[in-house]
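Single-structure report; data block below.
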């Protein structure tokens, strides 16, 4: 049960990351996100959820690699952070 839930959250995070990169005209590299860690955290209604972070790489020019992090709280995207990168 936990494994299926974790896979669904990872899929939601992957889709959100892909869309975020496309919206910013960035290329998500290697086509995957890597699980970085988890903790328990309360949402704004004081309900406990698993907070997960995933790492990914992206490029703005096709020649350089930059790092990004997506944070999830339950099945919701909390934030997507991108390293400073070159803009074409």
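In the working numbering, the protein residues as written are 1079 to 1166. Even glycine gets a Cβ: it sits at the ideal position worked out from N, Cα and C.
Taking the DSSP output, what are the residues bridged to residue 1146? The residue given as residue 1146 occupies position 68 in the chain shown. 1134, 1160, per the DSSP bridge assignment.
Provide the residue span of the alpha helix (DSSP H) that contains residue 1090, from first to last. Start at 1 with the first residue of the chain shown, and residue 1090 comes out as number 12. First-last of the alpha helix (DSSP H) with residue 1090: 1080-1101.
Just to check my reading of the structure: residue 1138 and residue 1165 have Cβ atoms closer than 8 Å, yes? What is that Cβ distance to the nearest angstrom? Position 60 of the chain shown, counted from the start, is the residue given in the question as residue 1138. Position 87 of the chain shown, counted from the start, is the residue given in the question as residue 1165. Residue 1165 and residue 1138 do touch by the CB rule: their CB atoms are close to 6 Å apart, below 8 Å.
Mark residue 1130 as exposed unless 16 or more other C-beta atoms lie within 10 angstroms of its C-beta, in which case mark it buried. For this step, residue 1130 is matched to residue 52 along the chain shown. When all chains shown are included, residue 1130 counts as buried.
Determine the direct distance from the alpha carbon of residue 1090 to that of residue 1100, and round the result to whole angstroms. As a working mapping, residue 1100 is identified with position 22 in the chain shown. As a working mapping, residue 1090 is identified with position 12 in the chain shown. Whole-angstrom Cα-Cα distance: 15 Å.
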